[in-house]
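Asks:
In full-length UniProt numbering, the protein residues as written are 1 to 429.
1. Measuring alpha carbon to alpha carbon, tell me which of 191, 192 and 169 ends up nearest residue 181.
2. Please report the straight-line C-alpha distance between residue 431 and residue 177, rounded to a whole angstrom.
3. The beta strand (DSSP E) with residue 273 in it runs from where to where?
4. Excluding five sequence neighbours on each side, which residues of the same chain lie with their C-beta closer than 6 Å to the C-beta of residue 254?
5. Where does residue 415 sit, in a helix, a strand or coil, going by DSSP?
6. Going by Cα to Cα distance, which pick from 120, 185 and 193 is closest to residue 145?
7. Do you know how far the Cα of residue 19 is from the Cα of residue 230?
8. Tell me, please, whether the segment 283-294 touches the segment 66-77 by the rule of three or more beta-carbon pairs shorter than 8 Å.
9. For residue 66, does the three-state DSSP call read helix, strand or coil?
10. On the criterion of 16 or more Cβ atoms from any shown chain inside 10 Å, does residue 407 qualify as buried, or is it exposed?
11. On a Cα-Cα basis, can you pick out the residue from 84, 42, 30 and 23 that is closest to residue 387?
12. Tell me the rounded alpha-carbon separation between residue 364 and residue 244.
13. Would you verify that the beta carbon of residue 253 is, or is not, closer than 7 Å to some beta carbon of chain C?
14. Quick check: the Cα distance between residue 422 and residue 136, rounded to an integer number of angstroms?
15. Just to confirm the assignment: which complete alpha helix (DSSP H) runs, minimum length 4, are found wholly within the segment 47-120?
16. Counting pairs of beta carbons, one from the segment 308-326 and one from the segment 153-170, are three or more of them closer than 8 Å?
17. Among all the DSSP beta bridges, which residues are the ones paired with residue 373?
18. How long is the line joining the alpha carbons of residue 432 and residue 357, rounded to whole angstroms?
19. With residue 263 as the anchor, note down where its beta strand (DSSP E) starts and where it stops.
20. Please confirm whether residue 276 and residue 131 have their CB atoms less than 7 Å apart.
21. According to DSSP, is residue 362 helix, strand or coil?
22. Since residue 361 and residue 342 are thought to touch, with beta carbons under 8 Å apart, how far apart are those beta carbons, to the nearest angstrom?
23. Under the three-state reduction of DSSP, which class applies to residue 394: helix, strand or coil?
24. For residue 413, count neighbouring Cβ atoms within 10 angstroms of its own Cβ and tell me buried if that reaches 16, exposed if not.
25. My understanding is that residue 367 touches residue 203, with C-beta atoms under 8 Å, so please give their C-beta distance in whole angstroms.
26. Assuming residue 432 contacts residue 89 (C-beta within less than 8 Å), just tell me the rounded distance between them.
27. DSSP on residue 368, reduced to helix/strand/coil?
28. Would residue 206 and residue 235 be called neighbours here (beta carbons separated by less than 7 Å)?
29. Just to confirm, is the Cβ distance from residue 237 to residue 269 under 7 Å?
30. Looking at the unbroken alpha helix (DSSP H) that takes in residue 321, where does it start and where does it end?
31. Expressed to the nearest angstrom, what Euclidean distance is found between the alpha-carbon atoms of residue 349 and residue 163?
32. Please report how far the alpha carbon of residue 85 lies from the alpha carbon of residue 302, in whole angstroms.
33. Closest to residue 259 by C-alpha separation, out of 25, 115 and 64, would be which residue?
34. For residue 223, report the span of its alpha helix (DSSP H) as first-last.
35. Quick one: what's got a C-beta closer than 6 Å to residue 424's C-beta in the same chain, skipping five residues either side?
Pasting the structure below:
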């Protein structure tokens, strides 16, 4: 470099060009679900079926926008008071307050006694991360985190990223949850461990019964364990938003201190907007204020202010009685469709006289835990172009009258060698 007639040489000029601060950074473990999504997109077969992911789809297998969401967007578009200023770090009160009411109930004693700290987050994953940072920084002893062995990798990743030791608890069963093994794990876990629990809509299609929730709460209270609820599918399991929040409300009523994340991605069809909420229930109002102050501090350092477009849509719907009623009615429509898909798939297996205990008729929510083996999933993918995650979890919203017969016949052939040819399946899809 030449400046004012003098040649200046950088002190780095003699260093080897191939040396880098980042040369020892390893490649991360590949995400199997992402790889399958990419493979599906590249697949040119016109009969391919995407049963991956956790998004709801219409009967035409397209992304579905709630009619009430379209209405709320139109109202916001014509609202001249809407601006693009920075939102409060903790989120807008008009959102976080009704969000917590949706979770805990409008008559919750914890809300009335102001024992609840709440903050808007980037959907459920962002909320779980914020909660993990809170636990990591402000617990005297860093607790062990327990996640379900059938919940997928995301829960594990969130906590390991923050530096926690993460273990799995058994969450198994085909028709009902095998609660005894889970209770045994809770009894032998170190005191004050954190158990990440789905409030409803567990990915394996099985939720604890009310009696099982009571048993789990009893053991957790005896050991001083901390529940961390993931409430991402409220309303889609039973069709009733209050019934699907029963477990969280029961634990709060029993006097638990707990954390809970909500996601509005699926239940409002707003996956791209990343709208979520983290709720922390404490014993006293003063503790809740201190917790909220630290949640604000964490949020300020990471995202400063949460995004507001999706928040405004959800807030408008939750605060308007008419829109809120329409949203609940549309959730019930989705629930009824999911139930009808289960019945239709099972009836087709019965028609083919496919032997076996078809758990699809017992499970609930958006997912069917098929129990298919890796080799069977590979055949479905390569021969029939049916894409299912490696854990065998089917997103039922990816099925409709357009592809259901083809899907059922393909599974029938793979499982029981009925010798239907690929051409036969296409002839009667």
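Glycine is no exception: its CB is placed at the ideal position from the N, C-alpha and C atoms. If you're wondering where the values come from, they're calculated on a predicted model, not measured in any experiment.
Replies: Let me lay it out:
1. Sequence index remark: in the chain shown, residue 181 carries index 181 (1-based). The option with the nearest alpha carbon to residue 181 is 169.
2. Any answer about residue 431 is impossible in this case: the structure gives the chain only from 1 up to 429.
3. To locate residue 273, count along the chain shown from 1; it is residue 273. Element bounds for residue 273: n/a, residue is neither H nor E.
4. In the chain shown, the residue the question calls residue 254 occupies position 254. Here the set comprises 217.
5. Your numbering for residue 415 matches position 415 in the chain shown. Helix.
6. Stepping through the chain shown from its first residue, residue 145 is reached at position 145. Out of 120, 185 and 193, 193 has the C-alpha closest to the C-alpha of residue 145.
7. Numbered from 1 along the chain shown, position 230 holds the residue referred to as residue 230. Numbered from 1 along the chain shown, position 19 holds the residue referred to as residue 19. Answer to the nearest angstrom: the Cα atoms are 44 Å apart.
8. no
9. Here the question's residue 66 lines up with position 66 in the chain shown. Correct three-state label for residue 66: coil.
10. Position 407 of the chain shown holds residue 407. Buried, because 16 or more other Cβ atoms sit within 10 Å of the Cβ of residue 407.
11. On the chain shown, position 387 is the one that residue 387 refers to. Checking every option, the nearest Cα to that of residue 387 belongs to 42.
12. Here residue 364 refers to the residue found at position 364 when the chain shown is read from its first residue. Here residue 244 refers to the residue found at position 244 when the chain shown is read from its first residue. Going by the C-alpha atoms only, they are around 11 Å apart.
13. No chain C is present in this structure, which holds just one protein chain.
14. As a position in the chain shown, residue 422 is number 422, starting the count at 1. As a position in the chain shown, residue 136 is number 136, starting the count at 1. The pLDDT assigned to residue 422 is 40, lower than 50, so where the model puts this residue is not dependable; a value taken from the coordinates is nonetheless given after this. Taking the straight line from one Cα to the other gives about 53 Å.
15. 67-77, 93-104 and 109-112
16. no
17. Here residue 373 is taken as the residue at index 373 of the chain shown, counted from 1. DSSP lists no partner for residue 373.
18. In the structure as shown, the chain begins at 1 and stops at 429. Residue 432 is therefore absent and cannot be evaluated.
19. Position 263 of the chain shown, counted from the first residue, corresponds to residue 263. Counting along the chain, the beta strand (DSSP E) containing residue 263 begins and ends at 258-263.
20. Start at 1 with the first residue of the chain shown, and residue 276 comes out as number 276. Start at 1 with the first residue of the chain shown, and residue 131 comes out as number 131. Result no, Cβ atoms of residue 276 and residue 131 do not sit closer than 7 Å.
21. Walking along the chain shown from the start, residue 362 turns up at place 362. Note: residue 362 maps to coil in three-state DSSP.
22. As a position in the chain shown, residue 361 is number 361, starting the count at 1. As a position in the chain shown, residue 342 is number 342, starting the count at 1. About 6 Å separates the two Cβ atoms, so the contact holds.
23. Taking the first residue of the chain shown as 1, we reach residue 394 at position 394. In this structure, residue 394 counts as strand in the three-state DSSP scheme.
24. As a working mapping, residue 413 is identified with position 413 in the chain shown. It counts as buried.
25. Walking along the chain shown from the start, residue 367 turns up at place 367. Walking along the chain shown from the start, residue 203 turns up at place 203. Going by Cβ atoms, the distance from residue 367 to residue 203 rounds to 5 Å, so yes, they are a contact pair.
26. In the structure displayed, the chain extends from 1 to 429; residue 432 sits before or after that span and is not available.
27. One-based indexing of the chain shown puts residue 368 at position 368. Of the three classes helix, strand and coil, the one that applies to residue 368 here is strand, per DSSP.
28. Along the chain shown, read from residue 1 onward, the residue named residue 206 stands at position 206. Along the chain shown, read from residue 1 onward, the residue named residue 235 stands at position 235. Result no, Cβ atoms of residue 206 and residue 235 do not sit closer than 7 Å.
29. Counting from 1 along the chain shown, the entry for residue 237 is found at position 237. Counting from 1 along the chain shown, the entry for residue 269 is found at position 269. Against a cut-off of 7 Å, the Cβ pair of residue 269 and residue 237 comes out as no contact.
30. Here residue 321 refers to the residue found at position 321 when the chain shown is read from its first residue. It spans 321-351 - the alpha helix (DSSP H) in which residue 321 sits, taken as one unbroken run.
31. In the chain shown, counting from the first residue as 1, residue 349 sits at position 349. In the chain shown, counting from the first residue as 1, residue 163 sits at position 163. The straight-line gap from Cα to Cα measures roughly 46 Å.
32. Locating residue 85 in the chain shown gives position 85, counting from the first residue. Locating residue 302 in the chain shown gives position 302, counting from the first residue. Straight-line Cα distance between these residues: approximately 18 Å.
33. For the purposes of this step, residue 259 is taken as residue 259 along the chain shown, with counting starting at 1. That would be 115, whose Cα lies nearest to the Cα of residue 259.
34. Working through the chain shown from its first residue, we reach residue 223 at position 223. Counting along the chain, the alpha helix (DSSP H) containing residue 223 begins and ends at 210-223.
35. Stepping through the chain shown from its first residue, residue 424 is reached at position 424. Summary for residue 424: the model assigns pLDDT 43, below 50, so the residue's position carries little reliability, and this model does not support an answer.
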